[in-house]
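To start, the structure itself, in structure tokens.
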Amino acid sequence: MKRFFSNWNIIRLFRLALGIFLIFQAVETRQWIFLGFAMFFLFQALFNFGCNSNACQIQFKNKDHE
34 MKRFFSNWNI
44 IRLFRLALGI
54 FLIFQAVETR
64 QWIFLGFAMF
74 FLFQALFNFG
84 CNSNACQIQF
94 KNKDHE
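Following this note's numbering, the numbering of the sequence shown begins with 34 at its first residue and continues without gaps.
So this is what it looks like as structure tokens:
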């Protein structure tokens, strides 16, 4: 349990807050599509998933190989 609550950064907290906010918005406005987005952000926050295998990084071209 200690490992679960360690290593929280600002992005994880933002995803958690956004997920909770979307749950409340889905219930209040009865727009149930928001629950899917809320679960997505909560899943990312709780399990610390983001860009898998750093696929979101920009690959810089090496000028030596051109």
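For each residue, glycine too, the CB sits at the ideal point set by N, CA and C. If you're wondering where the values come from, they're calculated on a predicted model, not measured in any experiment.
With distances taken between CB atoms, is the gap from residue 55 to residue 78 smaller than 7 Å? no
Starting from residue 48, trace the alpha helix (DSSP H) in both directions and tell me its first and last residue. 43-62
Look at the alpha carbon of residue 53 and the alpha carbon of residue 36, and state the distance between them as a whole number of angstroms. 22 Å
Can the beta-carbon of residue 45 be found closer than 7 Å to that of residue 74? no
Roughly how many angstroms separate the alpha carbons of residue 66 and residue 58, rounded to a whole number? 10 Å
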